[in-house]
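J.: Chains as they are written, first to last, in the numbering used here: chain F, 1 to 266; chain L, 267 to 532.
Positions of the beta carbon are idealized from the N, C-alpha and C atoms, including for glycine.
Below you will find the structure I want to go over with you.
2 protein chains.
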Amino acid sequence: MAIMSQDQPYWASVHAEIEVHLKRHILVKPPLSVFEPMHHFVFSALPSPAPALCVAACELVGGHRDQAIAAAAALHLMHAAAVIHEQLPSTDRPKTKPKPGPMAYSPGIELLTGDGIFAFGYELLAKSMDPAQNNSERVLRVIVEMTRAMGSQGMVDGQYHEILLLCKQSRYYNYVCDKKEGGFHACGAACGAILGGASEEEIEKLRRYGLCVGVMRAFSNGVEEGNEMETKEVVKELRSLALKELEFFHEGKAEAISSFLHVLSL
Amino acid sequence: MAIMSQDQPYWASVHAEIEVHLKRHILVKPPLSVFEPMHHFVFSALPSPAPALCVAACELVGGHRDQAIAAAAALHLMHAAAVIHEQLPSTDRPKTKPKPGPMAYSPGIELLTGDGIFAFGYELLAKSMDPAQNNSERVLRVIVEMTRAMGSQGMVDGQYHEILLLCKQSRYYNYVCDKKEGGFHACGAACGAILGGASEEEIEKLRRYGLCVGVMRAFSNGVEEGNEMETKEVVKELRSLALKELEFFHEGKAEAISSFLHVLSL
């Protein structure tokens, strides 16, 4: 988080707003056995750029930050829940990385907490319907976007292929990047655009922009020793594809969203 | 299912329609590794009465069956996904009942399949929005109902307390019945009422009716040897409470929904 705030003022400020929104909604209340771990996992999850990208896309197309904040918060919840389920001991995933810190909860609690957080993400989204804004059709469209990004053709598919990859039964690294980080960031950008009132053309441009950002991030996080040059080439190409999508928008307005092209470890 | 069809013509016919609806939407398509287990678990799950109760509530308040069929299908998906996650080996649940048949999938696949089915349930619901029916606000309200029934104050809470109960660390059997079967059936009836255009008073009456049906079912399924008399008393009391809720409605119309009072093992 320290690195994020220094290098990424836009991401850091939006993420702080998302946290405020989530803290208003996720109280530590009875049953504590259920809400305490939920609180813990939501607020200890390493932030993903996808929620802030959702807000940036909304603002880029002329929407107000408030219109996207519930969806951005829901994206953070989806991300946190997916990480919990990914790290459960029963996932057939070879145990390569030790978990940071002591495991505070049993796998049974972690499984249920993930289920609870997914459900709460959809609840937050559905409750963001506001008759004064007449936004219910947009909110429903965003729910469909999010279920697809998280479901059997999105995150679930990517997680399955990642297990095969880690078990050396697959070499589809690109496929995993597309489905996991790629699809999740594409969803974030598309949802923000929808909520900000974008045209179909703008939505699809921002979806492709998000896909590039997510895949770049996955590549630069997963770079293997000896592969640095190749990865740099891929990232360079993705960055130029991403910038092409932004050409459509007014240059002065695209500054915030283009900052996500620097959210990389490389 | 054979017993269900004979004794419960209403339940059986509605369940058959729900299956048709689900078969149209859940195809066995690529990636097969993800969709094949999804198909298997959705169509092999023991049917719960809650989805048909949703349709019955919709019809009771003057709605058409079509208005509730997507929500009923989503309820079946939620039920199937909850059962998968409940039976995962990492749930801290003491292994009392052997699983029926050989375990066909690894725990990792089952975990991901459950996640995929939950997401697909919300997708089906959100897609049931129909501008011609102008039903988007009702659909959003139903999504909130369902996330609450499945989430940290509903099913997740019940599953957590059920583990404590099975480990003899708790004696709150009633609490588990309320949160799991009770809350799920209450949600089914309330969702059907909302989609059928019920008044707030009708929604709450049908919610309480569904709660009674669910708790009766949990009690009669969980009856322990030596406890038959006590359970019979509880079930009798719940049935009379449930019938009281139905008095509000026109007698001739309440026949289908009252048939759920006989969906019991006792």
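Which of the three DSSP states, helix, strand or coil, is assigned to Asp396(L)?
T.: In the second sequence, residue 396(L) corresponds to position 130, counting from 1. Looking at Asp396(L) - three-state DSSP - the assignment turns out to be coil, as it is neither helix nor strand.
J.: Relative to chain L, which residues along the stretch 129-160 of chain F have a C-beta separation below 7 Å, given in chain order?
T.: Met129, Ser136, Glu137, Val139, Leu140, Ile143, Val144, Thr147, Arg148, Met150, Gly151, Ser152, Val156, Asp157, Gln159, Tyr160
J.: Suppose the cutoff is 7 Å on Cβ atoms and the five residues either side in sequence are ignored; what does the same chain contact list for Gly63(F) look like?
T.: By 1-based counting over the first sequence, the position of residue 63(F) is 63. Cβ within range, chain order: Leu195, Gly196, Gly197.
J.: Exposed or buried, what is Ile69(F) when buried is set at 16 or more other beta-carbons lying within 10 Å of its beta-carbon?
T.: Counting from 1 along the first sequence, the entry for residue 69(F) is found at position 69. Buried is the call here.
J.: Judging by CA-CA distance, which residue of Pro89(F), Arg141(F), Met78(F), Val235(F) is the nearest neighbour of Ser48(F)?
T.: For this step, residue 48(F) is matched to residue 48 along the first sequence. Checking every option, the nearest Cα to that of Ser48(F) belongs to Met78(F).
J.: Can you check whether the C-beta of Val300(L) is within less than 8 Å of a C-beta belonging to chain F?
T.: Taking the second sequence and counting its residues from 1, the one referred to as residue 300(L) is at position 34. The beta-carbon of Val300(L) is placed less than 8 Å from the nearest beta-carbon of chain F.
J.: Suppose only complete runs of 4+ residues qualify. What are the alpha helix (DSSP H) ranges in the stretch 286-317 of chain L, listed by chain order?
T.: Runs found: 298-310.
J.: Can you find the residues in the same chain that come closer than 8 Å, C-beta to C-beta, to Leu509(L), ignoring five residues on each side of it along the sequence?
T.: Within the second sequence, residue 509(L) is the residue found at index 243, counting from 1. Here the set comprises Ser524, Leu527.
J.: Measure the beta-carbon distance from Ala340(L) to Gly382(L) and round it to whole angstroms, keeping in mind my assumption that it falls under 8 Å.
T.: Residue mapping note: residue 340(L) aligns to position 74 of the second sequence, counting from 1. Residue mapping note: residue 382(L) aligns to position 116 of the second sequence, counting from 1. Not quite, the Cβ-Cβ distance comes to about 14 Å (not below 8 Å), so this is no contact.
J.: DSSP on Phe248(F), reduced to helix/strand/coil?
T.: Locating residue 248(F) in the first sequence gives position 248, counting from the first residue. In the structure shown, Phe248(F) sits in coil (DSSP, three-state: anything other than H, G, I, E or B).
J.: With Ala56(F) and Ala256(F) assumed to form a contact (beta carbons below 8 Å), what rounded beta-carbon distance in angstroms separates them?
T.: By 1-based counting over the first sequence, the position of residue 56(F) is 56. By 1-based counting over the first sequence, the position of residue 256(F) is 256. Yes, they are in contact, since the Cβ atoms of Ala56(F) and Ala256(F) sit about 5 Å apart, within 8 Å.
J.: Which of helix, strand or coil does DSSP assign to Lys471(L)?
T.: What you label residue 471(L) is simply residue 205 of the second sequence in a count that begins at 1. If DSSP states are grouped into helix, strand and coil, Lys471(L) belongs with the helices.
J.: In whole angstroms, give me the CA-to-CA distance for Leu472(L) and Gly458(L).
T.: Within the second sequence, numbered from 1, the residue matching residue 472(L) stands at position 206. Within the second sequence, numbered from 1, the residue matching residue 458(L) stands at position 192. Taking the straight line from one Cα to the other gives about 9 Å.
J.: Under a three-way DSSP split, which group does Gln353(L) fall into?
T.: In the second sequence, the residue the question calls residue 353(L) occupies position 87. Three-state DSSP puts Gln353(L) in coil, outside helix and strand.
J.: Return helix, strand or coil for Cys167(F), following the three-state DSSP convention.
T.: The sequence position of residue 167(F) within the first sequence is 167, counting from 1. Cys167(F): coil per DSSP, three-state reduction.
J.: By how many angstroms is the C-alpha of Gly158(F) removed from the C-alpha of Val176(F)?
T.: Here residue 176(F) refers to the residue found at position 176 of the first sequence. Here residue 158(F) refers to the residue found at position 158 of the first sequence. In a straight line, the C-alpha of Val176(F) is about 5 Å away from that of Gly158(F).
J.: Any Cβ of chain F within less than 8 Å of the Cβ of Tyr371(L)?
T.: One-based indexing of the second sequence puts residue 371(L) at position 105. Cβ-Cβ to chain F under 8 Å: no for Tyr371(L).
J.: Looking at the structure shown, is Ala370(L) part of a helix, part of a strand, or coil, going by DSSP?
T.: Counted from its first residue, the second sequence places residue 370(L) at position 104. The answer is coil: DSSP assigns Ala370(L) none of H, G, I, E or B.
J.: Taking any Cβ of chain F, which residues in the stretch 382-393 of chain L have a Cβ under 7 Å from it, in chain order?
T.: Within the stretch 382-393 of chain L, the residues whose Cβ lies closer than 7 Å to some Cβ of chain F are Gly382, Phe384, Ala385, Phe386, Tyr388, Glu389, Ala392, Lys393, listed in chain order.
J.: Considering only residues of the same chain and omitting the five flanking positions on each side of Ile288(L), which have a CB-CB separation below 8 Å?
T.: Locating residue 288(L) in the second sequence gives position 22, where the first residue counts as 1. Looking at the sequence provided, one finds Leu at residue 288(L) rather than Ile. Once the five neighbours on either side are set aside, the close Cβ partners of Leu288(L) are Val308, Phe309, Ala339, His342, Leu343.
J.: Using 8 Å as the limit for Cβ to Cβ distance, is Arg171(F) near chain L?
T.: As a first step, residue 171(F) must be located in the first sequence, where it is residue number 171. By this cut-off, Arg171(F) is not an interface position.
J.: Assuming Gly151(F) and Leu53(F) are in contact, meaning their beta carbons sit under 8 Å apart, how far apart are those beta carbons, in whole angstroms?
T.: One-based indexing of the first sequence puts residue 151(F) at position 151. One-based indexing of the first sequence puts residue 53(F) at position 53. The C-beta separation of Gly151(F) from Leu53(F) comes to about 20 Å, leaving the pair out of contact by the 8 Å criterion.
J.: Return helix, strand or coil for Ser279(L), following the three-state DSSP convention.
T.: If you number the second sequence from 1, residue 279(L) lands on position 13. For Ser279(L), the secondary structure class from DSSP, reduced to helix, strand or coil, is helix.
J.: Does the beta carbon of Leu111(F) come closer than 8 Å to any beta carbon on chain L?
T.: Numbered from its first residue, the first sequence carries residue 111(F) at position 111. Yes, its Cβ sits closer than 8 Å to a Cβ of chain L.
J.: Do you know whose CA, among Ala347(L), Gly374(L), Val349(L), lies nearest Glu86(F)'s CA?
T.: In the first sequence, residue 86(F) corresponds to position 86, counting from 1. Ranking Ala347(L), Gly374(L), Val349(L) by Cα distance to Glu86(F) puts Gly374(L) first.
J.: Check His76(F) in the structure and name its three-state DSSP category.
T.: Numbered from its first residue, the first sequence carries residue 76(F) at position 76. DSSP places His76(F) in helix when its eight states are reduced to three.
J.: Can a CB atom of chain L be found closer than 8 Å to the CB of Leu22(F)?
T.: The sequence position of residue 22(F) within the first sequence is 22, counting from 1. Not one chain L Cβ lies under 8 Å of Leu22(F).
J.: I need the boundaries of the alpha helix (DSSP H) containing Phe260(F), first residue and last residue.
T.: One-based indexing of the first sequence puts residue 260(F) at position 260. That residue, Phe260(F), is in no alpha helix (DSSP H); it is neither H nor E in DSSP.
J.: If we count the other Cβ atoms within 10 Å of its Cβ and call it buried at 16 or more, is Phe248(F) buried or exposed?
T.: In the first sequence, the residue the question calls residue 248(F) occupies position 248. It is exposed - the Cβ of Phe248(F) has fewer than 16 other Cβ atoms within 10 Å.
J.: How is Asp178(F) classed by DSSP in three states: helix, strand or coil?
T.: In the first sequence, counting from the first residue as 1, residue 178(F) sits at position 178. Three-state DSSP puts Asp178(F) in a helix.
J.: At the level of alpha carbons, what is the spacing between Phe219(F) and Lys179(F)?
T.: Indexing the first sequence from 1 puts residue 219(F) at position 219. Indexing the first sequence from 1 puts residue 179(F) at position 179. Computed Cα separation, rounded: 13 Å.
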